[in-house]
Structures are given as C-alpha cells and as structure tokens.
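Residue numbers (this note's numbering): 3 to 396. Using N, Cα and C, we set each Cβ at its ideal position, and we do this for glycine too. Everything below concerns the one structure shown next.
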C-alpha cells in the first residue's frame with residue numbers, strides 16, 4: 003500500500019464515493035426506464051406514441067455469412083405480428099453462404115412480402131452501411147427499420163419500436179441485450195452489453211443525451227432524406243455515431259424502446275470479446291471523445307482497488323468492500339428487474355469485465371486500427387480506408 007497523508011486518503015475516498023454514487027444513480031435510472039411502456043419525451047410528462055397507427059413499415063436487414071443463430075433470427079423476421087410490413091434482405095456477395103437459408107425461408111413464407119438485393123454500394127468504409135444503401139433506396143414505405151442480422155425480433159418488434167416514437171423523435175433505437183450465453187466468456191459479453199452499456203444508454207436518454215445504436219433503428223424516411231438520406235450516415239465511420247449527430251443537428255432526439263431486444267450469443271472466446279469491445283471503444287473514442295474519456299470510471303474494480311491501495315486503513319477497506327457489494331448487487335438487481343440473463347457465474351463475469359475495462363480504454367487511446375467485417379481499417383480517416391483483408395471479427 004501507499005501511505006498517503008490523511009488529506010490525500012480522504013480525497014481518494016471522496017473521489018471513489020463520487021464514482022460509486024454516479025454509477026448507482028445510473029443503475030437506478032436505468033431500472034426505472036427499462037420496461038416502461040409509456041415514457042416521457044424529455045419534458046417530464048408521459049406522452050403517448052406519435053407514430054401513425056397502422057402505417058406500413060419496411061424492414062431492411064443486411065446479411066453477411068452464417069452465424070450461430072442465423073436460422074432463428076432470420077425466421078423471426080417472417081413471424082412479426084404486424085399487418086403491413088415488407089422485408090428487404092441485403093447481401094453484398096452472390097456466393098454468401100447465408101443465401102440458401104434465406105431463399106428457403108422466403109419460399110416457406112410466400113405471404114410475407116420480401117425481396118433480396120444482391121451487391122452493395124461502396125459509399126465509404128462502413129461495410130454494413132454499404133450493404134444497406136440499396137435496400138434503403140428500394141424501401142417502399144415512409145417508415146424504415148434497419149435491423150442487424152443477429153437481432154432476435156419478438157413478434158411485436160415493430161410495435162415496440164413504434165411505441166417509443168415521440169413528436170420530437172428523429173430516431174428510435176434498441177441497444178442489444180446479450181442472451182443465451184453458452185460459456186463463461188459469453189457471460190462476460192453479457193456483462194458488457196447488459197448492465198454496463200445498455201444501462202448507460204438508458205441513463206443518457208433520461209438526461210436528454212440519447213445515443214443511436216445501429217442494431218435496430220426506426221427511421222422516418224422523409225425525415226432522413228431531408229437531412230441527406232442514408233448516405234449522410236457515412237459522415238462518420240460508425241453509422242450510429244453519424245445518426246446521433248444528424249438527429250441532434252436537426253433539433254430532434256434519439257429515443258430508446260421500452261425493453262431492448264435480445265442478441266443470442268452462444269459461445270464466445272476471450273479473443274472475440276476483446277476484439278469486439280476494443281473495436282467499439284475505438285469507434286466511441288474517435289466519434290465522441292469527450293463522452294468516451296470518463297469511461298475509465300464506469301467499472302467498479304479499478305476505483306475500488308486503487309482507493310484501497312492508497313487509503314491503507316481497515317475502516318477504508320471495509321467501506322470499499324461494502325461499496326463494491328452495493329455496486330455489483332445493484333447490477334445484478336437491474337438484470338433481474340429487466341429479465342436479462344443471470345447465473346451463478348454472473349459476479350465472476352462482472353469482475354472479469356471490469357478487469358478488462360482499463361486495458362480496453364487504454365487501447366482505444368493508443369491505436370486507431372480496427373477489424374470490421376474482415377476489413378482492417380484506420381478510423382482516423384473519415385471514410386475508414388481499408389488497409390488489408392483478414393478474417394472477420396464482426
């Protein structure tokens with residue numbers, strides 16, 4: 003331990019107490035927000051949905067390769083309980099292995115209007131956005147949902163997206179919730195996605211700082227076209243960062259669904275969790291550096307351990323142990339309230355997540371290279387110029 007003067011130890015404890023209080027407040031706010039079917043629009047008064055009843059919707063899903071749950075997530079697209087929607091599937095390569103599965107499903111559901119668009123449009127370095135452009139252009143309806151291939155859509159998926167639309171909405175999104183982990187490192191992925199990232203998404207929205215999430219996006223097509231269309235989302239390497247800035251510049255807000263949608267995880271290796279979290283962290287650091295900088299304080303382990311190291315007293319150690327129990331207990335309580343994955347290994351997964359967070363944060367500042375959909379790119383450039391091709395890390 004480091005023996006600090008009493009004033010220094012008290013300052014360290016005070017700073018740690020502030021971090022604990024901020025994180026507990028964010029957990030409380032998220033617990034209040036998630037699951038509410040009628041949320042406020044930023045003015046403190048509950049408002050009903052402003053989405054036009056029964057309006058037809060185009061659902062655009064970019065696909066790339068076969069994933070562990072591809073059959074289940076694709077099938078869910080054809081089983082949505084909504085009277086007027088069309089499906090548009092976008093596949094960049096004619097030899098993509100997902101195509102036979104997709105064609106079987108389309109043939110098995112002839113009553114659901116669906117189209118396949120082969121070939122992307124290279125508007126920049128974002129492979130998903132490149133794959134979505136032609137689907138967006140082909141969408142027949144004024145309301146368009148862009149949905150990633152690994153989102154597991156419930157039957158009322160469209161209704162849940164619509165229910166979050168307010169008069170001041172520019173975009174409605176859902177952050178992904180990790181579900182059905184099949185090994186320990188998939189549980190670590192759940193710890194990142196659920197009680198950390200989703201929690202902060204909902205806390206930010208409550209403060210009027212909603213951030214877009216690319217997993218599920220509900221757009222009003224005329225609104226986005228008036229701002230430059232889907233190609234305007236190429237203003238940033240990440241389309242959700244560009245969407246956030248575009249919506250705010252138009253004087254609108256990003257709103258979140260009441261209950262975010264699941265992403266089945268299956269098996270995850272530590273290397274997969276690391277590469278994905280580093281990629282997202284580097285993207286956040288480049289696109290929103292002022293918001294990314296405080297992320298060093300969003301995990302419990304670093305501030306509690308460092309404060310214990312410098313405080314050096316039994317009383318301080320006991321306080322820190324109690325604060326850690328309260329912090330992690332609140333995360334587990336949030337998962338329970340929201341109906342998210344929990345298991346006897348959850349605490350261990352939270353600890354491993356928080357042990358990784360400082361290294362991920364530091365890596366985001368140290369480098370700008372990422373691997374996205376098999377493309378290595380330097381995200382210092384706006385268009386994400388591809389540097390080389392390697393195995394997919396999407």
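**Item:** Pairwise C-alpha distance: residue 112 and residue 162
**Value:** 25 Å
**Inter-residue Cα distance where the pair is residue 327 and residue 318** = 14 Å
**Asked** If residue 172 sits next to residue 249, beta carbons under 8 Å apart, how far is it from one beta carbon to the other, in whole angstroms?
**Response** 3 Å
**Asked** Straight-line CA distance for residue 272 to residue 103?
**Response** 29 Å
**Prompt:** Exposed or buried, residue 205, counting other C-beta atoms within 10 Å across all chains shown (16 or more means buried)?
**Reply:** buried
**Asked** Whole alpha helix (DSSP H) runs in the stretch 145 to 203 with 4 or more residues, listed along the chain?
**Response** 159 to 165 and 186 to 194
**Message:** In the DSSP output, which residue or residues are listed as bridge partners for residue 311?
**Reply:** Residue 311 pairs with nothing; no bridge assigned.
**Request:** Could you tell me the boundaries of the alpha helix (DSSP H) in which residue 84 lies?
**Result:** Segment: none, residue 84 is in no alpha helix (DSSP H) and carries neither H nor E.
**Prompt:** Which two residues bound the contiguous alpha helix (DSSP H) that contains residue 117?
**Reply:** It is not in any alpha helix (DSSP H) - residue 117 instead sits in the beta strand (DSSP E) that spans 116 to 120.
**Request:** Indicate whether the contact test is met: 3 or more Cβ pairs, each with one atom in the stretch 236 to 253 and one in the stretch 191 to 208, closer than 8 Å.
**Result:** no
**Item:** Exposure of residue 169, with buried meaning 16 or more beta-carbon neighbours within 10 Å
**Value:** Per the 10 Å Cβ criterion, exposed.
**Asked** If we ignore side chains and look at the alpha-carbon of each, how far apart do residue 292 and residue 286 end up?
**Response** One Cα belongs to residue 292, the other to residue 286, and the distance between them is close to 10 Å.
**Prompt:** Counting Cβ pairs closer than 8 Å, one from the stretch 268 to 282 and one from the stretch 350 to 369, do we hit at least three?
**Reply:** yes
**Request:** Can you give me the start and stop residues for the alpha helix (DSSP H) that residue 65 sits inside?
**Result:** Boundaries for residue 65: no alpha helix (DSSP H) harbours it, while the beta strand (DSSP E) harbouring it runs 59 to 65, taken from the DSSP string.
**Asked** Which residues in the same chain as residue 352 place their Cβ atom closer than 7 Å to its Cβ, once the five residues preceding and following it in sequence are excluded?
**Response** 193, 330 and 333
**Request:** Could you check which residue in 217, 246, 207 and 160 has the C-alpha nearest to that of residue 226?
**Result:** 246
**Request:** Reducing DSSP to helix, strand and coil, say where residue 266 ends up.
**Result:** Taken through DSSP and simplified to helix, strand or coil, residue 266 comes out as strand.
**Message:** Using CA atoms only, rank isn't needed, just tell me which of 94, 167 and 148 is closest to residue 232.
**Reply:** If we check each option's Cα against that of residue 232, 148 comes out closest.
**Message:** Distance check for residue 184 and residue 50, CA to CA, integer angstroms please.
**Reply:** 39 Å
**Request:** Could you check how far apart the C-beta atoms of residue 145 and residue 223 are, in whole angstroms? I think they sit under 8 Å.
**Result:** 7 Å
**Item:** Under 8 Å between C-beta atoms of residue 182 and residue 267
**Value:** yes
**Prompt:** Tell me the DSSP bridge mates of residue 211?
**Reply:** Residue 211 is not bridged to any residue.
**Closest Cα partner of residue 177 within the set 186, 63 and 214** = 214
**Asked** Can you tell me whether residue 462 is buried or exposed, with buried defined as 16 or more other CB within 10 angstroms of its CB?
**Response** Because the chain is modelled from 3 through 396, residue 462 falls outside the range shown and cannot be assessed.
**Item:** Same chain, Cβ closer than 6 Å to residue 33, five either side skipped, listed in chain order
**Value:** 336 and 339
**Message:** Is any non-hydrogen atom of the ligand ATP found closer than 7 Å to the C-beta of residue 126, if you look at the structure I gave you?
**Reply:** This structure lacks the ligand ATP, and indeed carries no ligand of any kind.
**Asked** Bridge partners of residue 92, per DSSP?
**Response** 64 and 119
**Prompt:** Under the rule that 16 or more other beta-carbon atoms within 10 Å means buried, what is residue 263, buried or exposed?
**Reply:** buried
**Prompt:** Where do the ends of the alpha helix (DSSP H) carrying residue 248 lie?
**Reply:** 241 to 251
**Item:** Cβ separation of residue 128 and residue 240, assumed to be a contact under 8 Å, to the nearest whole Å
**Value:** 7 Å
**Minimum C-alpha distance to residue 94 - residue among 88, 65 and 69** = When only C-alpha atoms are compared, the closest one is 65.
**Prompt:** Distance, Cα to Cα, residue 20 vs residue 354?
**Reply:** Their backbone Cα atoms lie some 23 Å apart in a straight line.
**Message:** Quick check on residue 269: buried or exposed, where buried means 16 or more other Cβ atoms within 10 Å of its Cβ?
**Reply:** exposed
**Asked** With respect to the beta strand (DSSP E) encompassing residue 258, which residues constitute its N-terminal and C-terminal limits?
**Response** 255 to 258
**Item:** For residue 121, the nearest candidate out of 274, 101, 180 and 56 (CA to CA)
**Value:** 101
**Residue from 152, 165 and 207 whose Cα sits closest to the Cα of residue 180** = 152
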